[in-house]
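Counting from 1, one number per residue, gives the positions in the sequence shown under UniProt numbering. Heads up, the thing below is written out as C-alpha cells.
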Amino acid sequence: MAGRRVNVNVGVLGHIDSGKTALARALSTTASTAAFDKQPQSRERGITLDLGFSCFSVPLPAHLRPAPGAGPEPEPEPQLQVTLVDCPGHASLIRTIIGGAQIIDLMMLVIDVTKGMQTQSAECLVIGQIACQKLVVVLNKTDLLPEGKRQAAIDRMTRKMQKTLENTKFRGAPVIPVAAKPGGPDAPETEAPQGIQELIELLTSQISIPTRDPSGPFLMSVDHCFSIKGQGTVMTGTILSGSVSLGDSVEIPALKVVRKVKSMQMFHTPVSSAVQGDRLGLCVTQFDPKLLERGLVCAPGSLHTVHAALISVEKIPYFRGPLQTKAKFHITVGHETVMGRVMFFSPAPDSLDREPVLDSFDFSREYLFQEQYLCPGAATAEADEKAGQASAGHSPRQQWALVEFEKPVTCPRLCLVIGSRLDADIHANTCRLAFHGVLLHGLEDRTYAESALPALRVYKLKQKRGVVERVLDDHSVIGRSLFKKETNIQLFVGLRVHLSTGELGVIDSAFGQSGKFKVHIPGGLSPESKRILTSALKKRGRAGRGEAAKPEEAERPEPAQPVGLSLSFKRYVFDAHKRMVQSP
Ligand SMILES: Nc1nc2c(ncn2[C@@H]2O[C@H](COP(=O)(O)OP(=O)(O)OP(=O)(O)O)[C@@H](O)[C@H]2O)c(=O)[nH]1
Ligand SMILES: [Mg+2]
C-alpha cells in the first residue's frame, strides 16, 4: 500500500518549442510507476495552448522525511508526488503562463541549448522571480550538439546561464543538460531520453515542501472541469490557499453559484480533506461543466470583485521605457487579466524611508503624486522635476499605484498583480512585463471615484515663482510674474509666500488687472531687503522713465539679483474642491 503522499507542483516554463512538453512527458514516463496520471493536456496543434498537468511519484527523499521518532510510526514508503505544470511557451499565452506560475513551488526553466536565452525565456525568468521560490535550469536538446563539441558547448551555455542568474534571486541555481526527445519529432518512441534520471534526482534534492498553510480562505485554481455520469461535475485543480473538506460549501465566483462538495479525490484516491498545494479533484452536483473550463473556486464570499485597486508597485528592470501615469496596461490580477489605467504615487518626503508595507494600505498618510514611476537610477533632480517634484534625488523604498480597471475583476485579497504591455510586438526582443506588486486594497464600489477616492490623500506639489516689483511700505510689497493675467488671485489670498531675502509674506489681494498682487509682510522688511529693493527700484524709476540716472545712482551697484517670491502649496488630486493647502 503506497504510503503518505506529499505533493509539490513543479512548473515547466520556457520559450516556445524549447521542449517543455517533451520534457514533462519524459519525466513522467521515466519516473512514474502506475502513478502517471494523465497525458499532458496540450492540444495536438504542435503547441501547448493551456496548462498541461502530469505527475510522477518517487520515494520521499530522506531530507523531506520527519526525523526518526519525531512523529508517529514511520509509514510504509512515503511518496513524493511531483505534479508537472506544463505551461505554454507562445508569447500570446503569457496570461496562462502567469496563472501557471502562481500555483508552482519550483520552476524548471527549459532552454534550447542550441539557442540559449530567448525572449520568452527571459519573460519566464521574470515571472519566476515574482511568483516562485526555487529554479532549476534545464538545457534541453543536447542531442543536437555535434558529438565532439557537445560537452564544451554545454559548459559554455551553463556558464552563460549562471551569469544570467547572477543578479537575480536564483543566483547559483543548478543548470542541468538533458535531451527530452533525442532525434526530435521523427525519432522513434524507443529513442530513450537522456539525462532524465539525473534531472529527477536533482529535482528531488532541490524540492523543499513549502509550508502549507491550511488557515487562509479556501481558494483553488481550476484547470479542468468535466462531468461524470451519475456522479456530478468534477473540477480538478490546485489548492492555492486554505483547505476544504467533504460537505463544505464552495463558490464559483465567476458565476456567483455555491455548491456543496459531494466527494473529493487526490491521486485517484477518495479523501475527506485537502490543503494548500494539493492537486485535487472536487465533485459537486447540479453544475454544468461547460460553464467553467478554467477559473477559481473558493470559500463563499472570500473573493472580492473590484473596479479599482491600490497596489504596491515595483518596476521590472528589463522593461524598457518609463511607467507613465495615465498609461494603460494589461493588468493580471490573481488569475484574471484586464486592461487598467494607472496613476503612480510615492511616500510624502517626510516618510521616504518607511519600511515597505505589503499587507495593507494606509489611508491615514499623505502621498506624493508622480507623473511616472521613480526609477532608482534616473532619480536625479531633473527626473524628479519631471516626475512631479519627487524626493530629493533618491528613490523611495516603496511606491504605489491606483489601478482603474476597464471591467470589474474578481480576485483574492492581497493577490499578485502584474502589469504588462501584451499589445507590444511579440517579435520585438523586449520584455513586455512592466511592473508587479500586491493588491493592497480593492475598491468594490462601482462609484469608488466619489465614495472612496476623496479619502486617498495624494497631492501634487505646486511651486510658483515671481519677483518683488516694488515696496509699498515696510510691511508690504507688490509682486509680479507669479500669476497669469487671467488667474483669479482671490483663490490665493491668505497663502504664504517666501521672499528670497528670507522674509515670510502673505498674499493680501490682487493689484490691478495684470496679474500683480499685494503681499503683506507681518514681520516687516529687513533693512538689507529695503536697501536692495529701494536702490533697484529708484534706478528703475529714472532709468525706467528714460531719463539719465543721477551720477550718484549710476555708481550704486545693481542688486545682485531681484528679490524673488516663491509660493508652494499642495493640491489633493481627488479633492473635488481643488483646494490649495499649505503644509502647516
Ligand atoms: N532533437 C530534439 N528535439 C526535441 C527535444 N525535445 C523536444 N524536441 C522537439 O522540439 C519540438 C517542440 O517540442 P515541445 O515539447 O512541443 O516544445 P514546447 O516547449 O512544449 O513547445 P510549446 O509548448 O509550444 O512552447 C518538437 O518537435 C519536439 O519533438 C530534444 O531533446 N531533442
Ligand atoms: Mg508544450
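All residues carry an ideal CB built from backbone N, CA and C; glycine is no exception.
Under 9 Å between the Cβ atoms of residue 154 and residue 139? Position 154 of the sequence shown, counted from the start, is the residue given in the question as residue 154. Position 139 of the sequence shown, counted from the start, is the residue given in the question as residue 139. Taking 9 Å as the Cβ cut-off, residue 154 and residue 139 qualify as a contacting pair.
What do you reckon, are the CB atoms on residue 280 and residue 265 nearer than 9 Å? As a working note, residue 280 is residue 280 in the sequence shown. As a working note, residue 265 is residue 265 in the sequence shown. Contact flag set, yes.
Do residue 142 and ligand 1 come close, with the Cβ less than 8 Å from some heavy atom? Walking along the sequence shown from the start, residue 142 turns up at place 142. For ligand 1, at least one heavy atom lies less than 8 Å from the Cβ of residue 142.
State buried or exposed for residue 270, treating a residue as buried only when at least 16 other CB atoms are found within 10 Å of its CB. Within the sequence shown, numbered from 1, the residue matching residue 270 stands at position 270. Classification for residue 270: exposed.
In this structure, does DSSP put residue 346 in helix, strand or coil? On the sequence shown, position 346 is the one that residue 346 refers to. In the structure shown, residue 346 sits in a strand (DSSP, three-state: E or B).
If I measure Cβ to Cβ from residue 133 and keep anything under 8 Å in the same chain, skipping five residues before and after, which residues do I get? Position 133 of the sequence shown, counting from 1, holds the residue named residue 133. Excluding its 5 nearest sequence neighbours in each direction, residue 133 has C-beta neighbours in its own chain below 8 Å: 105, 106, 210, listed in chain order.
Euclidean distance between Cα positions of residue 296 and residue 323: Translated into positions along the sequence shown, residue 296 becomes position 296. Translated into positions along the sequence shown, residue 323 becomes position 323. One C-alpha to the other measures close to 30 Å.
Are residue 465 and residue 476 close, meaning C-beta to C-beta below 9 Å? Reading the sequence shown from its first residue, position 465 is the one you call residue 465. Reading the sequence shown from its first residue, position 476 is the one you call residue 476. No, these two residues do not count as a Cβ contact at 9 Å.
Among 315, 342, 501, 316, nearest to residue 325 - alpha-carbon criterion: The residue you call residue 325 lines up with position 325 of the sequence shown. Nearest C-alpha to residue 325: 342.
For the putative contact between residue 441 and residue 309, defined by C-beta atoms under 8 Å, what is the C-beta separation to the nearest angstrom? Here residue 441 refers to the residue found at position 441 when the sequence shown is read from its first residue. Here residue 309 refers to the residue found at position 309 when the sequence shown is read from its first residue. Right, their Cβ atoms sit about 7 Å apart.
To which residues of the same chain is residue 214 closer than 6 Å at the C-beta, ignoring the five residues directly before and after it? To locate residue 214, count along the sequence shown from 1; it is residue 214. Excluding sequence neighbours, residue 214 sits near 243, 275.
Would you tell me roughly how many angstroms separate the C-alpha atoms of residue 129 and residue 496, rounded to the nearest one? As a first step, residue 129 is located in the sequence shown; it is residue number 129 there, counting from the start. As a first step, residue 496 is located in the sequence shown; it is residue number 496 there, counting from the start. Their backbone Cα atoms lie some 49 Å apart in a straight line.
Given residue 97, which residues of its chain have a CB within under 7 Å of its CB, disregarding the five upstream and five downstream residues? Mapped onto the sequence shown, residue 97 falls at position 97. Once the five neighbours on either side are set aside, the close Cβ partners of residue 97 are 13, 87, 88, 124, 127.
Measure the alpha-carbon distance for residue 576 versus residue 491 and round it to whole angstroms. The residue you call residue 576 lines up with position 576 of the sequence shown. The residue you call residue 491 lines up with position 491 of the sequence shown. Across the structure, residue 576 and residue 491 are spaced so that their CA atoms are roughly 15 Å apart.
Which two residues bound the contiguous alpha helix (DSSP H) that contains residue 126? Working through the sequence shown from its first residue, we reach residue 126 at position 126. Where residue 126 is concerned, the enclosing alpha helix (DSSP H) stretches over 119 to 131.
Reference residue 487; option with closest CA among 502, 355, 517, 494: Residue mapping note: residue 487 aligns to position 487 of the sequence shown, counting from 1. Of the candidates 502, 355, 517, 494, the one whose C-alpha sits nearest the C-alpha of residue 487 is 517.
So, are the CB atoms of residue 396 and residue 467 less than 9 Å apart? Within the sequence shown, numbered from 1, the residue matching residue 396 stands at position 396. Within the sequence shown, numbered from 1, the residue matching residue 467 stands at position 467. Inclusion of residue 396 and residue 467 in the CB contact set at 9 Å is not warranted, their separation being larger than that value.
Below 8 Å, can you find three or more Cβ-Cβ pairs linking the region 224 to 243 to the region 192 to 200? When Cβ pairs closer than 8 Å are counted between the two stretches, the region 224 to 243 is seen not to touch the region 192 to 200, the count staying below three.
So, helix, strand or coil for residue 191, using DSSP? Here residue 191 refers to the residue found at position 191 when the sequence shown is read from its first residue. Residue 191: coil per DSSP, three-state reduction.
Through-space distance from residue 470 to residue 321, alpha-carbon basis: Looking up residue 321 in the sequence shown gives position 321. Looking up residue 470 in the sequence shown gives position 470. A direct Cα-Cα distance of roughly 47 Å separates residue 321 from residue 470.
Any heavy atom of ligand 2 within a distance shorter than 8 Å of the CB on residue 260? Position 260 of the sequence shown, counting from 1, holds the residue named residue 260. No, Cβ of residue 260 sits at least 8 Å from all heavy atoms of ligand 2.
Specify the secondary structure class of residue 260 as computed by DSSP and reduced to three states. Locating residue 260 in the sequence shown gives position 260, counting from the first residue. Strand at residue 260.
N- and C-terminal bounds of the alpha helix (DSSP H) containing residue 168: As a position in the sequence shown, residue 168 is number 168, starting the count at 1. For residue 168, no alpha helix (DSSP H) segment is defined, and its DSSP state is neither H nor E.
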